[in-house]
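Structure record follows, encoded as structure tokens.
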Amino acid sequence: MTKTTPPDVLRIEDLRIAFQTHGELNEVVRGVSLRVPAGRTVALFGESGSGKSAISQAVMGILPKNGVVTGGRILFTDPAKENGALDIVPLPRDGKEIRHLRGGRIGMTFQEPMSSLSPVHTIGDQIEEALQLHRPQNRKQARAMTESMLEHVGFRDPHGAYGRYPFELSGGLRQRAMLAMALICHPALLIADEPTTALDVTIQAQVLKLMKDLQREIGMALLLITHDLGVVANMADEVAAISNGRIVEMGPVQDVFRNPQHPYLKALLKASPHFEMEEGERLVSLRDQAKPTAPVSRLVKSASAEKPLLLTVRNLRKTYGNVRRGTGTVAVDDVSFDIRKGECLGIVGESGSGKTTIGNLITRARSADSGEVIFNDGNGVVDVLKLPPRELVEFRPHIQMIFQDPVSSLSPRMTVLDIIREPMLIQERGSSANQKDRVIELMDRVGLDPRFLNRYPHSFSGGQRQRIGIARALALNPDLVICDEPVSALDVSMQAQILNLLKDLQASLGLTYLFVSHNLAVVHYMADRIAVMARGRIVEIAPRNALFRNPVHPYTKRLLAAVPVPDLDRPLDFEKVMAGGKASDPMTWSEYFRGDELTHVDLGNGHLVLADRSCGVRELVA
Amino acid sequence: MLRYIVRRVLIMIPTLFITSALIFTVMELPPSDYFETYVAEMAAQGEKADMSRVEFLKKEYGLDKPPVERYFRWIAGFVQGDFGYSFEYEMPVSDLVGDRLLMTILVSFLTILATWLIAFPIGIYSATHQYSWGDYGLTFLGLLGIAIPHFLLALIVMYFANVWFGLSIGGLMDPKYFNQPMSWEKAQSILAHIWIPVLIIGAGGTGTMVRSIRANLLDELQKQYYVTARAKGLSPFKALVKYPLRMSLNFFVSHIGDVLPTIVSGSELTAVVLSLQTTGPLLLRALQSQDMYLAGSFLLFLSCLTVIGVLISDIALGFLDPRVRLQGGATK
Numbered sequence: 041m042t043k044t045t046p047p048d049v050l051r052i053e054d055l056r057i058a059f060q061t062h063g064e065l066n067e068v069v070r071g072v073s074l075r076v077p078a079g080r081t082v083a084l085f086g087e088s089g090s091g092k093s094a095i096s097q098a099v100m101g102i103l104p105k106n107g108v109v110t111g112g113r114i115l116f117t118d119p120a121k122e123n124g125a126l127d128i129v130p131l132p133r134d135g136k137e138i139r140h141l142r143g144g145r146i147g148m149t150f151q152e153p154m155s156s157l158s159p160v161h162t163i164g165d166q167i168e169e170a171l172q173l174h175r176p177q178n179r180k181q182a183r184a185m186t187e188s189m190l191e192h193v194g195f196r197d198p199h200g201a202y203g204r205y206p207f208e209l210s211g212g213l214r215q216r217a218m219l220a221m222a223l224i225c226h227p228a229l230l231i232a233d234e235p236t237t238a239l240d241v242t243i244q245a246q247v248l249k250l251m252k253d254l255q256r257e258i259g260m261a262l263l264l265i266t267h268d269l270g271v272v273a274n275m276a277d278e279v280a281a282i283s284n285g286r287i288v289e290m291g292p293v294q295d296v297f298r299n300p301q302h303p304y305l306k307a308l309l310k311a312s313p314h315f316e317m318e319e320g321e322r323l324v325s326l327r328d329q330a331k332p333t334a335p336v337s338r339l340v341k342s343a344s345a346e347k348p349l350l351l352t353v354r355n356l357r358k359t360y361g362n363v364r365r366g367t368g369t370v371a372v373d374d375v376s377f378d379i380r381k382g383e384c385l386g387i388v389g390e391s392g393s394g395k396t397t398i399g400n401l402i403t404r405a406r407s408a409d410s411g412e413v414i415f416n417d418g419n420g421v422v423d424v425l426k427l428p429p430r431e432l433v434e435f436r437p438h439i440q441m442i443f444q445d446p447v448s449s450l451s452p453r454m455t456v457l458d459i460i461r462e463p464m465l466i467q468e469r470g471s472s473a474n475q476k477d478r479v480i481e482l483m484d485r486v487g488l489d490p491r492f493l494n495r496y497p498h499s500f501s502g503g504q505r506q507r508i509g510i511a512r513a514l515a516l517n518p519d520l521v522i523c524d525e526p527v528s529a530l531d532v533s534m535q536a537q538i539l540n541l542l543k544d545l546q547a548s549l550g551l552t553y554l555f556v557s558h559n560l561a562v563v564h565y566m567a568d569r570i571a572v573m574a575r576g577r578i579v580e581i582a583p584r585n586a587l588f589r590n591p592v593h594p595y596t597k598r599l600l601a602a603v604p605v606p607d608l609d610r611p612l613d614f615e616k617v618m619a620g621g622k623a624s625d626p627m628t629w630s631e632y633f634r635g636d637e638l639t640h641v642d643l644g645n646g647h648l649v650l651a652d653r654s655c656g657v658r659e660l661v662a
Numbered sequence: 125m126l127r128y129i130v131r132r133v134l135i136m137i138p139t140l141f142i143t144s145a146l147i148f149t150v151m152e153l154p155p156s157d158y159f160e161t162y163v164a165e166m167a168a169q170g171e172k173a174d175m176s177r178v179e180f181l182k183k184e185y186g187l188d189k190p191p192v193e194r195y196f197r198w199i200a201g202f203v204q205g206d207f208g209y210s211f212e213y214e215m216p217v218s219d220l221v222g223d224r225l226l227m228t229i230l231v232s233f234l235t236i237l238a239t240w241l242i243a244f245p246i247g248i249y250s251a252t253h254q255y256s257w258g259d260y261g262l263t264f265l266g267l268l269g270i271a272i273p274h275f276l277l278a279l280i281v282m283y284f285a286n287v288w289f290g291l292s293i294g295g296l297m298d299p300k301y302f303n304q305p306m307s308w309e310k311a312q313s314i315l316a317h318i319w320i321p322v323l324i325i326g327a328g329g330t331g332t333m334v335r336s337i338r339a340n341l342l343d344e345l346q347k348q349y350y351v352t353a354r355a356k357g358l359s360p361f362k363a364l365v366k367y368p369l370r371m372s373l374n375f376f377v378s379h380i381g382d383v384l385p386t387i388v389s390g391s392e393l394t395a396v397v398l399s400l401q402t403t404g405p406l407l408l409r410a411l412q413s414q415d416m417y418l419a420g421s422f423l424l425f426l427s428c429l430t431v432i433g434v435l436i437s438d439i440a441l442g443f444l445d446p447r448v449r450l451q452g453g454a455t456k
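Residue numbers (the working numbering), protein chains in the order written: chain A, 41 to 662; chain B, 125 to 456.
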């Protein structure tokens with residue numbers, strides 16, 4: 041009997057949480073009930089602002105000062121003891137009882153592993169601290185236990201790692217250290233707040249696998265807080281979807297995915313891009329504001345081959361740091377590609393692969409070491425990298441950028457009008473009245489209400505801010521728009537809106553995109569052709585479908601295999617993902633793709649892969 | 125780390141060289157020198173100066189030589205511990221300054237110590253009890269400390285000490301110990317007197333420091349790693365001391381370099397008002413009377429203090445913050 045229904049470690053009943061702002065109570069969690077059975081994984085799924093983080097903070101008793109639990113109970117039952125359920129809510133803030141639970145019986149990891157660890161203490165020190173608080177040991181033993189925990193979470197040299205500082209570690213290792221810290225006291229419940237959001241896909245898959253293994257070993261329950269349906273599908277036994285502070289759907293993962301009941305979840309499942317989408321298929325975003333102005337069928341894709349070249353990049357190189365002193369790192373290494381007029385070229389790669397640098401080099405935001413960037417809009421050919429300063433200013437309208445972070449890329453001291461008008465002021469386009477008309481026209485185009493002309497960016501949501509950024513990029517009628525991770529800071533539904541907007545604008549204005557992203561599904565949705573980057577080089581470039589159906593390069597394969605898909609029938613192959621080291625490490629690639637004699641081997645139909653000169657097509661594809 | 129320290133020490137040499145040249149130039153700028161001022165002063169009082177003695181002294185100290193040569197003689201002497209000769213007091217600068225320097229260092233050191241001892245608890249309290257009445261009250265006191273000039277505070281304290289307690293609080297010791305060798309009684313007398321100038325001189329610094337500790341801590345308390353520490357089960361106070369306070373120390377360590385010279389030179393007026401036997405009043409007088417070796421050596425000494433202070437703070441920062449120690453120069 042008890043086997044089928046394990047006892048609940050955590051039981052939340054009708055929880056209400058409010059935040060006090062300017063003397064007003066603003067309820068963010070409105071009567072949530074939830075349970076986490078022992079040894080099981082429950083995913084709390086929702087978009088930002090849905091109240092999911094507030095719930096986890098309330099369980100730990102670490103709500104911000106202005107947060108109050110206004111009702112409900114949080115019952116924690118320690119399976120190791122037999123004293124029944126303990127209600128966490130009435131416990132005195134920072135009192136002895138709650139501190140005994142925190143870190144001891146309930147562990148927690150956070151989203152940003154860099155800022156969650158103190159930069160001036162070694163990770164060993166920080167992990168051991170948790171151990172000493174709850175299970176005091178003598179120093180030698182504590183150190184030994186800490187090192188064995190570090191080994192457990194995948195540090196190759198636990199003894200050396202003990203004395204490392206967080207900034208000396210990669211993002212994935214930092215998150216592992218966080219896990220070690222949360223798990224060293226073998227808690228009954230682990231709360232993982234967006235544990236992999238800040239990580240690259242291959243690292244994400246490894247960390248997810250690690251969490252699964254550790255959970256099985258320690259036998260703890262896991263409350264996984266995430267906004268990624270792919271993660272949910274791969275990790276959870278049960279799902280609770282939360283929207284606007286209310287649980288809208290709850291149940292075993294099978295029921296929720298195969299037969300979603302609530303319109304919110306149905307909509308979210310449709311809003312996330314996936315690899316099976318047909319050409320021309322549209323994402324259906326939640327709360328879509330405006331119907332698309334351009335009919336979808338106008339998206340002509342196949343004819344791109346005949347279109348004239350807009351941008352030709354040859355042998356682009358960029359090194360950061362001092363090369364002569366041997367401290368330099370090659371960010372972009374001999375990169376060549378073409379973009380045809382009206383197409384969208386996607387660049388994917390993990391952080392540090394050099395994809396953002398390419399965008400910066402083309403716009404000359406950074407100067408390249410060598411190479412050519414030939415721009416030809418039909419009215420003459422220019423090498424962008426050789427333009428003298430004054431001509432560069434005149435040329436700039438042709439290439440514009442959309443940035444990743446919609447908060448920091450807009451000046452908080454300028455109104456929307458000023459922000460969108462600024463490019464026209466710099467380029468001295470038209471009279472003041474003309475400029476204002478143009479701003480209104482642009483706002484209309486990107487789906488912003490022109491009445492908001494005199495507002496400041498802080499009064500807009502993330503998605504709306506990104507629209508402002510898009511309007512600014514379009515102000516000068518550019519030919520080429522470089523989109524640098526334009527949706528990675530946005531929620532799924534916002535992401536769908538912005539992606540659709542970008543597609544519509546491309547069709548109606550005849551824009552050409554260079555679309556840089558780490559998200560394969562997003563690039564799949566947007567791009568006609570895709571270039572995969574690793575270690576500053578393009579390792580594979582191909583039309584979209586060819587790349588996703590027949591990836592050739594081992595790095596591309598690993599990337600594709602590591603993406604968690606919100607589909608229960610295609611779980612992540614964790615064994616494959618874990619196979620040997622970092623995906624971008626050439627030592628993990630087969631010998632065809634290593635060596636000094638690398639060249640781009642043509643596999644036909646514009647499918648090129650970086651491989652040894654002597655290799656034949658057949659050997660590679662096999 | 126060792127290479128870093130060596131490099132820093134080597135950089136100090138040209139820095140001090142340039143500073144000394146600047147000081148010397150400034151000292152040379154007035155059209156007259158000490159002796160001319162002296163002769164003119166005597167003439168104004170209707171007396172005749174002993175011109176042969178003046179000529180002798182001018183020759184003896186090389187004032188008839190070109191400035192460049194004099195500069196190098198001065199520097200060469202400075203390096204060997206010969207700081208030159210004070211014309212006004214008619215004794216070597218080192219003898220004149222020696223005693224007072226000890227007192228100055230004592231006062232300065234105690235002031236820094238007092239500032240930190242008072243400011244840290246108040247700052248921590250203000251930051252953890254933000255917008256409480258305690259915070260407001262302490263902030264108000266701190267602002268008073270910043271706003272009232274030291275010498276004025278000194279005057280007020282002296283006045284009330286006299287009116288209420290009939291005490292004369294001037295000086296660093298009882299007058300009967302002047303020019304006496306150090307003894308147990310003298311030391312006691314100094315300790316009995318010194319806390320008043322220390323508190324007065326430290327008042328402004330304490331106020332400023334409370335403000336910065338509060339601001340720094342408030343920033344650090346928002347950081348995610350503090351939440352992590354609490355999520356581990358640390359009590360708020362322990363977590364505060366180990367993480368945010370530790371982080372905010374960086375700020376203070378990097379300011380040691382500024383603190384040293386301002387405390388030595390920034391309290392001249394207070395020292396005059398309280399008639400302290402520190403170097404402040406001496407420097408003031410030397411500048412007024414163009415006693416150039418006294419003033420010049422003094423200023424150069426202050427520069428050394430600044431440079432050494434910055435060095436100390438940089439090295440301390442290296443020990444305190446692994447990011448400085450391990451990442452130096454590696455970025456970009």
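We treat Cβ as the ideally placed atom computed from N, Cα and C, and that holds for glycine.
Small disclaimer: the values here were computed from a predicted structure and weren't measured.
Could you tell me which residues DSSP puts in a beta bridge with C225 (chain A)?
For C225 (chain A), which the question treats as bridged, DSSP gives no partner whatsoever.
Neighbour flag for Y205 (chain A) against chain B, beta carbons, 8 Å
yes
Simplified DSSP state of D37 (chain A), which is helix, strand or coil
No answer is possible for residue 37 (chain A): the residues shown for chain A start at 41 and end at 662.
Return the residue from the list A:Q475, A:R469, A:T455 that minimises the CA-CA distance to G509 (chain A).
A:T455
Closer than 7 Å, Cβ to any Cβ of chain B: which residues of the stretch 142-163 of chain A, in chain order?
R142, G143, G144, M148, F150, E152, S155, S156, L157, S158, P159, V160
For Y367 (chain B), collect the residues of the same chain with a Cβ closer than 7 Å to its Cβ; drop the 5 residues on either side in sequence, then sort them by chain order.
Y349, Y350, A353
Quick one: using the 10 Å Cβ neighbour count with 16 as the cut-off for buried, is Y237 (chain B) buried or exposed?
Rather than Tyr, the amino acid found at residue 237 (chain B) in this sequence is Leu. Exposed, because fewer than 16 other Cβ atoms sit within 10 Å of the Cβ of L237 (chain B).
Once the 5 residues before and after R132 (chain B) are set aside, which same chain residues still bring their CB inside 7 Å of it?
L435, D438
Between B:M282, B:P446, B:S256, which lies nearest to P321 (chain B) when the distance is taken from Cα to Cα?
B:M282
Mind pulling the chain A residues with CB within less than 8 Å of K347 (chain B)?
S155
Can you tell which of A:S499, A:I466, A:D544, A:G502 has its C-alpha closest to the C-alpha of V486 (chain A)?
A:D544
Minimum Cβ-Cβ distance from D134 (chain A) to chain B less than 8 Å
yes
Flag this pair as touching only if the stretch 138-147 of chain A and the stretch 163-181 of chain A have three or more C-beta atom pairs under 8 Å; answer yes or no.
yes
Among all the DSSP beta bridges, which residues are the ones paired with F24 (chain A)?
In the structure as shown, chain A starts at 41 and stops at 662, and residue 24 (chain A) therefore has no counterpart that could be examined.
Three-way DSSP call (helix, strand, coil) for S156 (chain A) in this model:
helix
Neighbourhood of S372 (chain B) by C-beta, 7 Å cutoff - its chain only, sequence neighbours within 5 removed:
I337, N340, L341, E344
Taking 8 Å as the CB-CB cut-off, is Y169 (chain A) touching chain B?
According to the sequence as given, residue 169 (chain A) is Glu; it is not Tyr. For E169 (chain A), the answer is yes, since a Cβ of chain B falls inside 8 Å of its Cβ.
Beta-carbon of L262 (chain A) versus every beta-carbon of chain B: anything under 8 Å?
no
Other residues of its chain near L423 (chain B): CB distance less than 7 Å, five sequence neighbours each side excluded:
I147
Would you list the one or two residues that DSSP bridges to V572 (chain A)?
A:V388, A:E580
Straight-line Cα distance separating H317 (chain B) from G290 (chain B)
15 Å
How about E481 (chain A): is its C-beta nearer than 8 Å to some C-beta of chain B?
no
Sort A:D277, A:M275, A:V293, A:H267 by Cα distance to S283 (chain A) and report the nearest one.
A:H267
Best match in B:N374, B:L450, B:K347, B:L441 for proximity to P104 (chain A) [C-alpha to C-alpha]
B:K347
Helix, strand or coil for A523 (chain A), going by three-state DSSP, please let me know.
Reading the sequence as shown, one finds Cys at residue 523 (chain A) and not Ala. C523 (chain A) falls in the strand class under three-state DSSP.
For R584 (chain A) and D607 (chain A), believed in contact at Cβ under 8 Å, the rounded distance:
Contact flag wrong, Cβ pair sits at about 19 Å.
Taking C-beta to C-beta, are I667 (chain A) and S96 (chain A) nearer than 8 Å?
Look at the range of chain A in this structure, 41 to 662, and you will see that residue 667 (chain A) is not part of it.
Compare the Cα-Cα distances from F614 (chain A) to each of A:I243, A:D134, A:R204 and report the closest residue.
A:I243
Measure from the C-beta of V351 (chain B) to each C-beta in chain A and report whether the shortest distance is under 8 Å.
yes
Proximity winner among B:T403, B:P360, B:G331, B:P155, relative to L426 (chain B) (alpha-carbon distances)
B:T403
Reduced DSSP secondary structure (H/G/I, E/B, other) of S337 (chain A)
Note on S337 (chain A): pLDDT 40, under 50, position unreliable in the model; the coordinate value appears next. Helix at S337 (chain A).
Does Y367 (chain B) get closer than 8 Å to chain A when you measure Cβ to Cβ?
yes
What residues from chain B crowd round E64 (chain A), counting only those whose CB sits closer than 7 Å?
Neighbours of E64 (chain A) on chain B: none; closest Cβ ~17 Å, over 7 Å.
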